[in-house]
Structures are given as C-alpha cells and as structure tokens.
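Below is one structure, written out as structure tokens; comments come after it.
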Amino acid sequence: AQKITQTQPGMFVQEKEAVTLDCTYDTSDPSYGLFWYKQPSSGEMIFLIYQGSYDQQNATEGRYSLNFQKARKSANLVISASQLGDSAMYFCAMREGRSARQLTFGSGTQLTVLP
Amino acid sequence: EPEVTQTPSHQVTQMGQEVILRCVPISNHLYFYWYRQILGQKVEFLVSFYNNEISEKSEIFDDQFSVERPDGSNFTLKIRSTKLEDSAMYFCASSRDSGMGEQYFGPGTRLTVT
Numbered sequence: 504a505q506k507i508t509q510t511q512p513g514m515f516v517q518e519k520e521a522v523t524l525d526c527t528y529d530t531s532d533p534s535y536g537l538f539w540y541k542q543p544s545s546g547e548m549i550f551l552i553y554q555g556s557y558d559q560q561n562a563t564e565g566r567y568s569l570n571f572q573k574a575r576k577s578a579n580l581v582i583s584a585s586q587l588g589d590s591a592m593y594f595c596a597m598r599e600g601r602s603a604r605q606l607t608f609g610s611g612t613q614l615t616v617l618p
Numbered sequence: 018e019p020e021v022t023q024t025p026s027h028q029v030t031q032m033g034q035e036v037i038l039r040c041v042p043i044s045n046h047l048y049f050y051w052y053r054q055i056l057g058q059k060v061e062f063l064v065s066f067y068n069n070e071i072s073e074k075s076e077i078f079d080d081q082f083s084v085e086r087p088d089g090s091n092f093t094l095k096i097r098s099t100k101l102e103d104s105a106m107y108f109c110a111s112s113r114d115s116g117m118g119e120q121y122f123g124p125g126t127r128l129t130v131t
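These protein sequence lines are chains E and Y, in that order. Sequential numbering from 504 applies to the first sequence in our numbering. Sequential numbering from 18 applies to the second sequence in our numbering.
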C-alpha cells in the first residue's frame with residue numbers, strides 16, 4: 504500500500520482564488536509528521552508547512568494552511584489567494600515514528616495558476 | 018537566510034566512473050540527508066546521517082553508495098561505480114537538532130550517467 508497518496512496529478516486554479524491539494528496517508532504509528540514541499544520548474548524543493556500528529560490545531564504559514572483530518576488520514580494543503588508564482592509541483596510527505604526521520608513522498612500534484 | 022548549498026549543479030559521467038556529490042548543510046543543523054528524484058518520478062529517501070554515522074538508509078543505498086562528513090561543513094555522497102539508472106536529481110537536506118521537524122533541501126545536483 505502507498506504510504507502517501509496524491510490523487511490529483513494536475514490541478515488548475517484561477518489567480519486570486521483558493522485551491523486545495525489532496526493528500527492521504529497510511530500509517531499505524533501514532534507519532535508522525537506531515538510535510539508539504541513545492542518544486543518549481545527550476546527543480547529545487549521548497550519547504551512550505553509541517554503538521555505533527557499530536558498537534559491540536561491545523562498548521563498555517565502565510566497563505567498556506569494544512570487541513571489535517573486525523574480520523575480520515577488526510578492532510579490537504581490549502582493555498583489561499585493563488586498567485587502566478589504558485590504554479591509548481593507540490594509534494595506531500597510523511598515522517599513515521601518517534602525515531603525515524605526519513606521522509607516518504609507522494610507522487611505530487613502539478614498546480615497551474617491561470618491569469 | 019541560511020540555506021543548503023550543493024555542488025556541482027550538473028554532473029555528467031560515464032558508466033562505471035566514481036562521482037562525489039557535495040553539500041554544505043545549514044550551519045547549526047545536525048541531521049543530514051540525501052534523496053534522489055529520477056526524472057518525472059517521486060522523491061526517494063537514500064540515507065540520513067547524524068553524529069558522524071548513518072542513522073537510516075533505504076534499500077536503494079547499497080554498497081555502491083557512501084556518505085561522509087569530511088570536515089565541519091561539507092557532507093558528501095559518493096557513488097563508486099555509476100550505472101545508467103543512477104541518473105537522477107540528487108538532493109541534500111538538513112534539519113535541526115531534534116531532526117523531527119522540517120527538512121530544508123538544497124537546489125540539487127543533476128547527475129547524468131552516459
């Protein structure tokens with residue numbers, strides 16, 4: 504079974520609108536962390552936001568927020584007020600366990616912001 | 018703002034040759050990682066390193082791979098005898114003292130094996 508599933512290979516959004524990128528995860532470990540990274544066409548990986556499994560509140564970082572639904576094992580990224588510069592590949596990733604630090608990545612969602 | 022740096026940005030090598038990819042992690046970080054991304058595919062974990070030793074490694078990280086922190090700033094990935102399938106983008110990353118939070122990635126080294 505896939506540890507991280509991103510079911511949207513591509514998404515389009517109009518500039519200034521909000522968009523939600525889906526991510527579901529699979530783990531039996533009660534301690535884990537969830538991450539979102541942005542990869543523009545230039546190739547670098549940019550950290551966006553982090554949610555720990557024990558965090559009571561949804562993480563927010565500027566225009567990014569993480570809609571964490573633990574019972575449904577989902578960690579969707581919400582980008583508000585989309586900008587043209589948000590066009591990129593977005594990866595969801597998970598770290599499992601108290602001692603493990605390796606990240607397992609999903610297959611990514613290509614977001615295109617339309618003017 | 019401090020960042021992870023990697024050199025070279027692009028390396029072309031012939032099959033069977035040894036390559037060394039270099040990284041300078043963020044200076045106050047203690048955990049270091051290598052990941053790779055084959056073109057068009059997801060990012061895959063290779064190895065993590067802490068306190069001068071490997072703490073985790075994946076099945077990909079076989080005897081052909083090694084890592085080293087030769088001094089206080091550099092972190093290297095060596096591939097002893099490159100294969101065509103080693104062609105990928107290699108990312109170095111680092112994280113702070115607990116290693117449990119966000120990992121900051123470098124810009125990557127694109128390795129092309131011919």
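Backbone N, C-alpha and C fix where the C-beta goes; we use that ideal spot for every residue, glycine too. For clarity, every value in this text was computed on a predicted model and none was experimentally measured.
Check the DSSP bridge columns for residue i and list the partner residues they point to.
i, result
"Y/E18", "Answer is none; Y/E18 lacks a bridge partner."
"Y/M106", "Y/Q54, Y/R127"
"E/L524", "E/L580"
"E/M548", "Answer is none; E/M548 lacks a bridge partner."
"Y/T24", "Y/R39"
"E/G555", "E/G536"
"Y/L101", "Looking at the DSSP assignment, Y/L101 forms no beta bridge with any residue, so it has no partner."
The beta strand (DSSP E) that contains residue i, what's its start and end?
i, result
"Y/Q28", "27 to 30"
"Y/N91", "That residue, Y/N91, is in no beta strand (DSSP E); it is neither H nor E in DSSP."
"E/Y593", "591 to 599"
"Y/V41", "36 to 41"
"E/G611", "That residue, E/G611, is in no beta strand (DSSP E); it is neither H nor E in DSSP."
"Y/I77", "It is not in any beta strand (DSSP E) - Y/I77 carries neither H nor E in the DSSP assignment."
"Y/S7", "No answer is possible for residue 7 of chain Y: the residues shown for chain Y start at 18 and end at 131."
"E/L537", "535 to 542"
"Y/E85", "82 to 85"
"E/Q517", "513 to 517"
If you drop the 5 nearest sequence neighbours on each side, which residues of the same chain put their C-beta closer than 8 Å to that of residue i?
i, result
"Y/T22", "C40, V41, G123, P124"
Sorted by chain position, which residues of the same chain lie with C-beta nearer than 7 Å to residue i's C-beta, five sequence neighbours on each side aside?
i, result
"Y/I77", "E61, L63"
"E/P618", "E518, L587"
"E/I507", "C526, Y528, C595, A596, M597, T607, F608, G609"
"E/D589", "I582, L614, V616"
Under 8 Å between C-beta atoms, does residue i make it to chain E?
i, result
"Y/V60", "yes"
"Y/E76", "no"
"Y/P25", "no"
"Y/P19", "no"
"Y/S44", "no"
"Y/Q120", "yes"
"Y/S65", "yes"
"Y/F49", "no"
Just to check, is the beta-carbon of residue i closer than 7 Å to a non-hydrogen atom of the ligand GDP?
i, result
"Y/T129", "Absent from the structure shown: the ligand GDP. Ligands present: none."
How about residue i: is its C-beta nearer than 8 Å to some C-beta of chain Y?
i, result
"E/A603", "yes"
"E/G588", "no"
"E/F550", "yes"
"E/I553", "One point to set straight first is that residue 553 of chain E is Tyr, not Ile, in the sequence displayed. Cβ-Cβ to chain Y under 8 Å: yes for E/Y553."
By the three-class DSSP mapping on this structure, what secondary structure does residue i have?
i, result
"E/G565", "coil"
"E/L587", "helix"
"Y/L47", "coil"
"E/L606", "coil"
"E/T510", "coil"
Could you pull out every residue in the same chain whose Cβ sits closer than 6 Å to the Cβ of residue i, ignoring the five residues on either side in sequence?
i, result
"Y/S90", "V41"
"E/F538", "Y553, A596"
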